[in-house]
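Reading through the structure tokens given below for one structure.
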Amino acid sequence: MHLVLIGLSHKTAPVAIREKLTFPAGVQHDALNRLTQAEGIREAAIVSTCNRTEVYAVASSDDGGARTVVSFLADYHDLDVAELRPYLYVITGEKVVRHLFRVVASLDSMVLGEAQILGQVKEAYDHAFNADATSRVFNKLFRQSFEVGKRVRTETAIGESAVSISYAAVELAKKVFETLEGRSILVVGAGKMSELTAKHLVCNGIARVLVVNRTFERAEEMAQRFGGIAVPYEQLYECMREADIVISSTAATEYVITKKDLAPVNRIRTRPLFLIDIAVPRDIDPGVNDLGGVFLYDIDDLSGVVESNLEERQVEARRAEGIIDEEIAAFFAWVESMEVVPTVAAIRAKAEVIRQMELDRALKRLDLSEKDRKTVEALTCAIVNKLLHGPTARLKKAAAGKDGYEYMEVARTLYGLEDSEDRFGPGAFRNLLNLKAREIVEKQKETGEGFGC
Amino acid sequence: MTQVSFVAFWFAMALFTAATVLYAYHFETKRASLSKYATLATGVGFLALTTSIGAQSVATDGTLLTGSNVLVLMAWALVFVYFVLEHFMKVKVYGALLVPSALVVLLVAQLMGASTDVLEGLTPVQQVLLDSWRVGMHVALVSFANAGFLISAAGSLLYLVLERQLKHKKSTKLFSRLPSLAQTDAVARRSVVWAFPVYTAGLLLGVLRAIETDVQLWWADIRVILAGLVWMAYAAYQFMRWRKGWASRSLAYIALIGFALVAVLSVVARTVPAGFHVFGL
Chain A
1042 MHLVLIGLSH KTAPVAIREK LTFPAGVQHD ALNRLTQAEG IREAAIVSTC
1092 NRTEVYAVAS SDDGGARTVV SFLADYHDLD VAELRPYLYV ITGEKVVRHL
1142 FRVVASLDSM VLGEAQILGQ VKEAYDHAFN ADATSRVFNK LFRQSFEVGK
1192 RVRTETAIGE SAVSISYAAV ELAKKVFETL EGRSILVVGA GKMSELTAKH
1242 LVCNGIARVL VVNRTFERAE EMAQRFGGIA VPYEQLYECM READIVISST
1292 AATEYVITKK DLAPVNRIRT RPLFLIDIAV PRDIDPGVND LGGVFLYDID
1342 DLSGVVESNL EERQVEARRA EGIIDEEIAA FFAWVESMEV VPTVAAIRAK
1392 AEVIRQMELD RALKRLDLSE KDRKTVEALT CAIVNKLLHG PTARLKKAAA
1442 GKDGYEYMEV ARTLYGLEDS EDRFGPGAFR NLLNLKAREI VEKQKETGEG
1492 FGC
Chain B
1377 MTQVSFVAFW FAMALFTAAT VLYAYHFETK RASLSKYATL ATGVGFLALT
1427 TSIGAQSVAT DGTLLTGSNV LVLMAWALVF VYFVLEHFMK VKVYGALLVP
1477 SALVVLLVAQ LMGASTDVLE GLTPVQQVLL DSWRVGMHVA LVSFANAGFL
1527 ISAAGSLLYL VLERQLKHKK STKLFSRLPS LAQTDAVARR SVVWAFPVYT
1577 AGLLLGVLRA IETDVQLWWA DIRVILAGLV WMAYAAYQFM RWRKGWASRS
1627 LAYIALIGFA LVAVLSVVAR TVPAGFHVFG L
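Protein chains in written order, with our numbering: chain A, 1042 to 1494; chain B, 1377 to 1657.
As structure tokens, then:
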């Protein structure tokens, strides 16, 4: 098995190159068919997002596989290989598994810990699966990668805190009010930034939107978009009696909301007031933050929150790497179990355990001489050998073929060589047998004996 | 029965210790499975503590109102109220504060129990005074109310920490782990809403008993005075809560002061052998 990955991402290529190499959903089936028909490519999957295009393949050799995939990328998009090469990265072997797991865990993303990538890789795998471009290795690898993604998101806090200004504002508002459902918001100024922030807040359940602007018509326009109410500018402080959240983004050169004017309003309020000032120069007097129950965040404060959240994600990323190491080890343990030699050895060892158990049971009932005993033993050996010779020889031959892993899987299932999922479940006896078989193999390795016969 | 009580008590202590570690680890990592085990350990610990209290009552032919027993009852009430809180508010953060608090109360009870002898040396007046259902109810109500005040103090403490972080624009790991400002405020306020009337009823029963047994200068007792101060602190809290525009920060400070008085009353004042209210040290 030779794992190959050829790709480019936001780290290696500008958008002008990335946009030339995309594989939208509509063309994936065709592209995968072409790729898997190429010589030496057994399985393939294409992950294509706005930040990366990566072609994963199981090839008959590392170099040959890489060459084929690079040619495919260039041919498919009518590009020159020499033009592409500086932007591409070629990864082979175990590093492919690590790379995929890091991608799915969002450790390789432009925004560390973003949640979208897991869905995008799932989609890529679905395309490959539906196009019959995946088989045993990629089915296992990609499914395990989804587990990695899930584990990283549940066992670390990598995706928890907001890393954009508007989401940071939503997160902080939730920290104050627990839920935004039923809350009211006052938008001061009808600018783009305040509209974007308000949009995020409304998506989180804000019930009432009030818009205040010096030009009443613009306030009405924005209020209409949110199903809110436009209020004359003169009623700004009256509105603040009812509002829970205030977003201010006007072009004013002086403070629009001052501590002196807010203090009397705040005295009659019974709920906290969360103020978001995203204007430069600032609209809200920083002194209002000293009032009880009033929390003011300006653009720098929100940026600071985003920055510290990113730092926290970096710490969590180190924990995620530990999870990835564990999952890589598990994947390669599975790969090893799928090799033909250990599979054949396990089948023979298992047969030997059964032969010996049955032989011992029979000999206890029979009163045989030493000579007869040896004859019966040779008989059982011959039966086992003859029964296993054909299947194991054909298994070795099939293993070299394109679907070799499927044969391995079938053989391991039929002979009950898979480890059970539940230690004490129905597979416990089978595990015991496997354990015994392994012991016998180890012992025979030490003593240099064959499989009993 | 005494042995059963002893074993169950230390089993409960062990489980509360395990729950404390699990709640702390859950607070740090936010792993849901840890919180389940923490709740399980607390639940089993609660049952063990109930068994211990029951067995001790059987062994002594009724619950003796000693200082240590009252503290054990308070710890039991605290865990019980915490479960109610967790059930309704679905927040486990308080477990990291309240379960260790119950553990500390139990440890103090154990230390007090080891150093005092039960109800020996009581005057005939004191024995008459204690011989009433009103005294038992007085102790039970005050214990439950104290549990409520402790939860209110925990909520208030979290409120002040979170408010400070919000005011200073700090986005630390602690910040992300804490519940919202609205929730901490609600926990603090609601706890006082039910604990204050319970405390008032408990005090009234005590006063009633003192008056009907004709104890002279019953009010000139250090613990009675402290209980009055606690009542006044929480009465002020309730009054200010209904006053429009009163900031939650001030209420949080009052709740913390009130609980500081409760702590002095529950532990420190027991070690001052003065006044009529000294039985069951």
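Idealized CB from N, CA, C, for every residue including glycine.
Give the residues of chain A in contact with residue i, contact being defined as C-beta atoms less than 9 Å apart.
i: Arg-1510 (chain B); result: Those do not exist, as Arg-1510 (chain B) stays about 39 Å from chain A at its closest Cβ, beyond 9 Å.
Can you list the residues of chain A that residue i reaches, using a CB-CB cut of under 7 Å?
i: Leu-1557 (chain B); result: Lys-1216, Val-1217, Pro-1313
Could you tell me the boundaries of the alpha helix (DSSP H) in which residue i lies?
i: Arg-1259 (chain A); result: 1257-1267
i: Thr-1094 (chain A); result: Taken as a continuous stretch (DSSP letters only), Thr-1094 (chain A) belongs to no alpha helix (DSSP H), being part of the beta strand (DSSP E) at 1093-1100.
i: Val-1133 (chain A); result: Sequence check: residue 1133 (chain A) is Thr here, not Val. Not the alpha helix (DSSP H): Thr-1133 (chain A) falls in the beta strand (DSSP E), residues 1130-1133.
i: Val-1537 (chain B); result: 1509-1543
i: Ala-1394 (chain B); result: 1378-1405
i: Ser-1409 (chain B); result: 1408-1435
i: Arg-1585 (chain B); result: 1557-1588
In angstroms, rounded to a whole number, what distance separates the CA positions of residue i and residue j?
i: Leu-1637 (chain B); j: Val-1606 (chain B); result: 6 Å
i: Ala-1371 (chain A); j: Ala-1384 (chain B); result: 43 Å
i: Thr-1454 (chain A); j: Met-1379 (chain A); result: 11 Å
i: Ala-1304 (chain A); j: Met-1263 (chain A); result: 28 Å
i: Tyr-1130 (chain A); j: Glu-1095 (chain A); result: 9 Å
i: Val-1178 (chain A); j: Thr-1090 (chain A); result: 23 Å
i: Asp-1493 (chain B); j: Ser-1477 (chain B); result: Model confidence at Asp-1493 (chain B) stands at a pLDDT of 48, short of 50, so the residue's coordinates are unreliable and nothing is read from them.
i: Ala-1562 (chain B); j: Ile-1365 (chain A); result: 41 Å
i: Asp-1318 (chain A); j: Arg-1359 (chain A); result: 34 Å
i: Val-1045 (chain A); j: Tyr-1097 (chain A); result: 6 Å
i: Leu-1641 (chain B); j: Glu-1222 (chain A); result: 42 Å
i: Thr-1421 (chain A); j: Ala-1440 (chain A); result: 28 Å
i: Ala-1390 (chain B); j: Leu-1479 (chain B); result: 9 Å
i: Phe-1525 (chain B); j: Phe-1218 (chain A); result: 23 Å
i: Leu-1517 (chain B); j: Lys-1468 (chain B); result: 26 Å
i: Lys-1215 (chain A); j: Pro-1313 (chain A); result: 12 Å
i: Gln-1397 (chain A); j: Lys-1427 (chain A); result: 16 Å
i: Ala-1472 (chain B); j: Val-1272 (chain A); result: 46 Å
Could you check whether the Cβ of residue i sits closer than 8 Å to any Cβ belonging to chain B?
i: Ser-1202 (chain A); result: yes
i: Ala-1293 (chain A); result: no
i: Gly-1190 (chain A); result: no
i: Glu-1198 (chain A); result: Rather than Glu, the amino acid found at residue 1198 (chain A) in this sequence is Ala. It does: the Cβ of Ala-1198 (chain A) has a partner Cβ on chain B nearer than 8 Å.
i: Ser-1089 (chain A); result: no
i: Gly-1081 (chain A); result: no
i: Asn-1171 (chain A); result: no
Do we get a CB-CB distance below 8 Å when we pair residue i with the residues of chain A?
i: Ser-1532 (chain B); result: no
i: Ser-1624 (chain B); result: yes
i: Arg-1407 (chain B); result: yes
From the options, pick the residue whose C-alpha is nearest to that of residue i; which is it?
i: Asn-1245 (chain A); options: A:Ala-1231, A:Thr-1256, A:Phe-1267; result: A:Phe-1267
i: Tyr-1613 (chain B); options: B:Thr-1418, B:Lys-1468, B:Ala-1603, B:Val-1568; result: B:Val-1568
i: Ala-1558 (chain B); options: A:Ala-1392, A:Ile-1319, A:Val-1099, A:Phe-1315; result: A:Phe-1315
i: Val-1099 (chain A); options: A:Thr-1175, A:Asn-1171, A:Gln-1157, A:Gln-1161; result: A:Thr-1175
i: Ala-1387 (chain A); options: A:Leu-1159, A:Thr-1433, A:Gln-1276, A:Glu-1212; result: A:Thr-1433
i: Lys-1412 (chain B); options: B:Val-1397, B:Thr-1426, B:Leu-1425; result: B:Val-1397
i: Val-1306 (chain A); options: A:Ala-1293, A:Leu-1251, A:Gly-1334; result: A:Gly-1334
i: Asp-1339 (chain A); options: A:Asp-1121, A:Met-1234, A:Glu-1164; result: A:Met-1234
i: Val-1297 (chain A); options: A:Ala-1271, A:Val-1321, A:Asp-1285; result: A:Val-1321
i: Gly-1419 (chain B); options: B:His-1402, B:Thr-1436, B:Gln-1379, B:Val-1475; result: B:Val-1475
i: Ala-1577 (chain B); options: B:Ala-1521, B:Lys-1466, B:Val-1448; result: B:Ala-1521
i: Val-1381 (chain A); options: A:Arg-1093, A:Val-1193, A:Leu-1458; result: A:Leu-1458
i: His-1544 (chain B); options: A:Asp-1167, A:Asp-1341, A:Thr-1238; result: A:Asp-1341
i: Thr-1197 (chain A); options: A:His-1430, A:Ser-1147, A:Gln-1265, A:Glu-1124; result: A:Ser-1147
i: Ala-1523 (chain B); options: B:Arg-1625, B:Leu-1449, B:Met-1616, B:Leu-1423; result: B:Leu-1449
Can you pull the chain A residues whose beta carbon is under 8 Å from the beta carbon of residue i, in chain order?
i: Leu-1423 (chain B); result: Per Cβ cutoff of 8 Å: no residues; Leu-1423 (chain B) is ~27 Å from chain A at best.
In chain B, which residues lie with their C-beta within 8 Å of the C-beta of residue i?
i: Phe-1336 (chain A); result: Leu-1542, Lys-1543
i: Val-1346 (chain A); result: Lys-1545, Ser-1547
Using a C-beta to C-beta distance shorter than 9 Å, which residues of chain B count as neighbours of residue i?
i: Glu-1353 (chain A); result: Ser-1547, Thr-1548, Lys-1549, Ser-1552
If you follow the beta strand (DSSP E) that residue i is in, where does it begin and where does it stop?
i: Glu-1084 (chain A); result: 1082-1089
i: Gly-1048 (chain A); result: 1043-1050
For residue i, return the contacting residues in chain B, with the cut-off set at a CB-CB distance below 7 Å.
i: Asn-1254 (chain A); result: Per Cβ cutoff of 7 Å: no residues; Asn-1254 (chain A) is ~28 Å from chain B at best.
i: Ser-1349 (chain A); result: Ser-1547
i: Asn-1330 (chain A); result: Lys-1543
i: Asp-1342 (chain A); result: Lys-1545
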